[in-house]
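Student: Please see the structure below; I have some questions.
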Amino acid sequence: MDKKTKNKVRIIEKTFESVKRDNKGIANTSLLAVAEELSMPYEELTSFFLTIEDIYLNEQQRNNIKVEEFLESGLSKIKTPNDAKELFEDCIKMFVESLPDHSGVVWAATPFLPKCLEEKKRMKSYLKKTFKRIIKRGWPGKIEPVLDRQTDLVVLSFYGLYEFCTRANKKTRKAILNDFINMLNLHLQDRLFF
Amino acid sequence: MVNSSIKLKDKAVKRAISTLRKDKRVEAVNLGVIANELDVSLEVLQTYYSSAEDIFIKAQKKDWDSLHRYWDKRIKKAKTPGDYKDAFDSFFERFVETLSKDADLMLDMSCYLPACIKYREWNRNKVRKKFSSLIKKGWPGKDDKVLERQTELITIVFYGFIDHVVHLNKDERIKSLRDFRNMINLHLQDRKFF
Chain S
27 MDKKTKNKVR
37 IIEKTFESVK
47 RDNKGIANTS
57 LLAVAEELSM
67 PYEELTSFFL
77 TIEDIYLNEQ
87 QRNNIKVEEF
97 LESGLSKIKT
107 PNDAKELFED
117 CIKMFVESLP
127 DHSGVVWAAT
137 PFLPKCLEEK
147 KRMKSYLKKT
157 FKRIIKRGWP
167 GKIEPVLDRQ
177 TDLVVLSFYG
187 LYEFCTRANK
197 KTRKAILNDF
207 INMLNLHLQD
217 RLFF
Chain G
6 MVNSSIKLKD
16 KAVKRAISTL
26 RKDKRVEAVN
36 LGVIANELDV
46 SLEVLQTYYS
56 SAEDIFIKAQ
66 KKDWDSLHRY
76 WDKRIKKAKT
86 PGDYKDAFDS
96 FFERFVETLS
106 KDADLMLDMS
116 CYLPACIKYR
126 EWNRNKVRKK
136 FSSLIKKGWP
146 GKDDKVLERQ
156 TELITIVFYG
166 FIDHVVHLNK
176 DERIKSLRDF
186 RNMINLHLQD
196 RKFF
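Residue numbers (our numbering), protein chains in the order written: chain S, 27 to 220; chain G, 6 to 199.
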C-alpha cells in the first residue's frame, strides 16, 4: 500500500472510530477534529475528502463497486443455469464476508446523507436489475410478472440480511449465511409462485 | 384536557416530521421552533417531550405498543395450529394496514437516533420471541435448532420487508405483503429445513 492510500485508510478508520466511540453522530463529527486526532495537517486531509459525507460515501461506494465488479465479471462467464445459481450464492457470500466492521455506522447514517441515499437507491436498482437477469438464467421458465415479484422479494430479503449483518459480528454473519441462501433457493424453485 | 394533550402531542409529531421531510436533517428539528409554530410555550411542550429525539422515540413506541396490543389479543385467543398461523399472519396485515405515510421517515429515525436504535433493538427481540412462539405452535414438529434458525431468518426478512414497504404507496404495500407472506409460509412449511 502506498503512502497516499495508507493515509486515506487512516482517515476513514479514524472517522468511524470517532463516530462510534462517542456515539456523537455525523453532525458532531468534523474533519478538523479527525485531522487533529491523526496529527495530520487539515489541508492534507481535505486533499482526500472535503466533507464527512464524502467519507461515508466513499465507504458505501467501495462496498458497492466490489459487488458490481463481482457480478459483472460473473455474468459474462455464465453458460448454464448452475453457473447463474452459483454466481447468485457467491455474490451474497462475498458481500457479507467483505462487510467492514463499521458498516453499521454507514448504514445508520445513509438516510440523512443525500449523496449516500442516492447511492443506496442506485445500488438497489442495480441489484434488482442484475438479480433479475441472474434469476432468469438460473431458474428458467418463470413468466415475467413472477420473475419481477420474486426479484423484489429477493432484493428486500437481501437488504434485511444486510441490515442484520451490519449489527452482527463476523461469526454470527457467517452462521446465518447458508440458511439465508437456502431459503432464497427454496423460494426461487417455486416456478409458478402461487 | 386529555384530548387536548393528545392533540398537542400529535401536532408536535407532525411538525417534527414535516421539518425532517423538508430539511432532511434531524438537527433542524427544534423544540423551541415547534412550540412557536404550535403557539404554546416551550415549557408546555417540554412537559411532553424533553428533546427532538424524545418526540421520535415516543412516536415509535406508540405505534409499536398499539401493534403489540392487537397482536397479543390474537395470540391469546388462539387454540389450534391454524389459529396460531392466523395470528402470525394477522401481525403482518396489521403492520402494513397501520403504516403511516411518513413511515419511511420514522424508519430512518429508528436507525439513526441512539435512543431509537436502542428501542428498535429491544423491540426486534420482542418481535423475534413472538415469532418463535407462533412458529412453534403454528407449524409444530420442528426441532429447537430448526425453530431457532427459521425464526432468525423470518426476522431478518421481515426487517428487510419494512425497509421496502415503507417506500411504497398503499396499493403496492398490499400487493407486496401478499407475496411476502407467501414466501415466508413456503419457508415455514419446510419442517426439517434442509
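Every residue gets a Cβ at the ideal spot worked out from N, C-alpha and C, and that includes glycine.
Remember, it's a predicted structure, so these values are computed and weren't measured experimentally.
Return the CA-CA distance between isoleucine 149/S and alanine 108/G, expressed in angstroms with no decimal places.
Tutor: Position 123 of the first sequence, counted from the start, is the residue given in the question as residue 149/S. Position 103 of the second sequence, counted from the start, is the residue given in the question as residue 108/G. The amino acid occupying residue 149/S in the given sequence is methionine; isoleucine does not appear at that position. Looking at the two C-alpha atoms, the distance is approximately 22 Å.
Student: What are the complete alpha helix (DSSP H) segments, minimum 4 residues, inside the region 133-185 of chain G?
Tutor: 149-170, all fully within the region 133-185 of chain G.
Student: Under three-state DSSP, which class holds tyrosine 188/S?
Tutor: Stepping through the first sequence from its first residue, residue 188/S is reached at position 162. In this structure, tyrosine 188/S counts as helix in the three-state DSSP scheme.
Student: Along the chain, which unbroken stretches of the alpha helix (DSSP H) at least 4 residues long are found entirely within the region 62-125 of chain G?
Tutor: Segments of the alpha helix (DSSP H) lying fully in the region 62-125 of chain G: 86-102 and 108-117.
Student: Taking the beta carbon of histidine 172/G as the centre, do at least 16 other beta carbons fall within 10 Å, making it buried, or is it exposed?
Tutor: For this step, residue 172/G is matched to residue 167 along the second sequence. Label assigned to histidine 172/G: exposed.
Student: Would glutamine 86/S be called buried (16 or more neighbouring beta carbons within 10 Å of its own) or exposed?
Tutor: Against the first sequence, residue 86/S aligns to sequence position 60. Glutamine 86/S should be labelled buried.
Student: May I ask you to list, following chain order, the residues of the region 175-189 of chain S that have a beta carbon less than 9 Å from some beta carbon of chain G?
Tutor: Answer in chain order: Arg175, Gln176, Asp178, Leu179, Val181, Leu182, Ser183, Phe184, Tyr185, Gly186, Leu187, Tyr188 and Glu189.
Student: Nearest-angstrom Cα distance between glutamate 46/S and leucine 112/G?
Tutor: Position 20 of the first sequence, counted from the start, is the residue given in the question as residue 46/S. Position 107 of the second sequence, counted from the start, is the residue given in the question as residue 112/G. It is lysine, not glutamate, that sits at residue 46/S in the sequence shown. When rounded, the distance between both Cα atoms is 21 Å.
Student: With DSSP collapsed to three states, give me the class of phenylalanine 96/S.
Tutor: Translated into the one-based positions of the first sequence, residue 96/S becomes position 70. DSSP places phenylalanine 96/S in helix when its eight states are reduced to three.
Student: For a test of the three-state rule: what should DSSP assign to threonine 106/S, helix, strand or coil?
Tutor: As a first step, residue 106/S must be located in the first sequence, where it is residue number 80. Three-state DSSP puts threonine 106/S in coil, outside helix and strand.
Student: Is any beta-carbon of chain B found at less than 8 Å from that of glutamate 153/G?
Tutor: No chain B appears in this structure, whose protein chains are S and G.
Student: What does histidine 213/S touch in chain G if you count any residue whose Cβ is under 8 Å from its own?
Tutor: Translated into positions along the first sequence, residue 213/S becomes position 187. In chain order: Met188, Leu191 and His192.
Student: Within 10 angstroms of the Cβ of proline 24/S, are there 16 or more other Cβ atoms? Answer buried if so, exposed if not.
Tutor: This structure cannot speak to residue 24/S, because chain S is shown only from 27 to 220.
Student: Below 8 Å between beta carbons: does that hold for serine 181/G and aspartate 178/S?
Tutor: What you label residue 181/G is simply residue 176 of the second sequence in a count that begins at 1. What you label residue 178/S is simply residue 152 of the first sequence in a count that begins at 1. Cβ atoms of serine 181/G and aspartate 178/S: closer than 8 Å.
Student: Measure the alpha-carbon distance for threonine 192/S versus valine 93/S and round it to whole angstroms.
Tutor: As a working mapping, residue 192/S is identified with position 166 in the first sequence. As a working mapping, residue 93/S is identified with position 67 in the first sequence. Straight-line Cα distance between these residues: approximately 16 Å.
Student: State the Cα-Cα distance for the pair threonine 122/G and glutamate 112/S, rounded to the nearest angstrom.
Tutor: What you label residue 122/G is simply residue 117 of the second sequence in a count that begins at 1. What you label residue 112/S is simply residue 86 of the first sequence in a count that begins at 1. In the sequence as displayed, the identity of residue 122/G is isoleucine instead of threonine. C-alpha separation (whole angstroms): 36 Å.
Student: Exposed or buried, valine 131/S, counting other C-beta atoms within 10 Å across all chains shown (16 or more means buried)?
Tutor: Taking the first sequence and counting its residues from 1, the one referred to as residue 131/S is at position 105. It counts as buried.
Student: How far does the alpha helix (DSSP H) with valine 132/S in it reach, from first residue to last?
Tutor: In the first sequence, residue 132/S corresponds to position 106, counting from 1. Start and end: 129-135.
Student: Around the C-beta of lysine 82/G, are 16 or more other C-beta atoms found within 10 angstroms, so that it is buried, or is it exposed?
Tutor: Numbered from its first residue, the second sequence carries residue 82/G at position 77. Result: exposed.
Student: Report yes if the CB atom of alanine 59/S is closer than 8 Å to the CB atom of serine 44/S, and no otherwise.
Tutor: For the purposes of this step, residue 59/S is identified with residue 33 of the first sequence, where counting begins at 1. For the purposes of this step, residue 44/S is identified with residue 18 of the first sequence, where counting begins at 1. Contact: yes.
Student: For isoleucine 207/S, which residues of its own chain have a beta-carbon under 7 Å away from its beta-carbon, when the five flanking residues on both sides are left out?
Tutor: Start at 1 with the first residue of the first sequence, and residue 207/S comes out as number 181. Glu115 and Ile118, listed in sequence order.
Student: Could you check how far apart the C-beta atoms of leucine 83/S and isoleucine 37/S are, in whole angstroms? I think they sit under 8 Å.
Tutor: By one-based count along the first sequence, residue 83/S stands at place 57. By one-based count along the first sequence, residue 37/S stands at place 11. Contact flag wrong, Cβ pair sits at about 13 Å.
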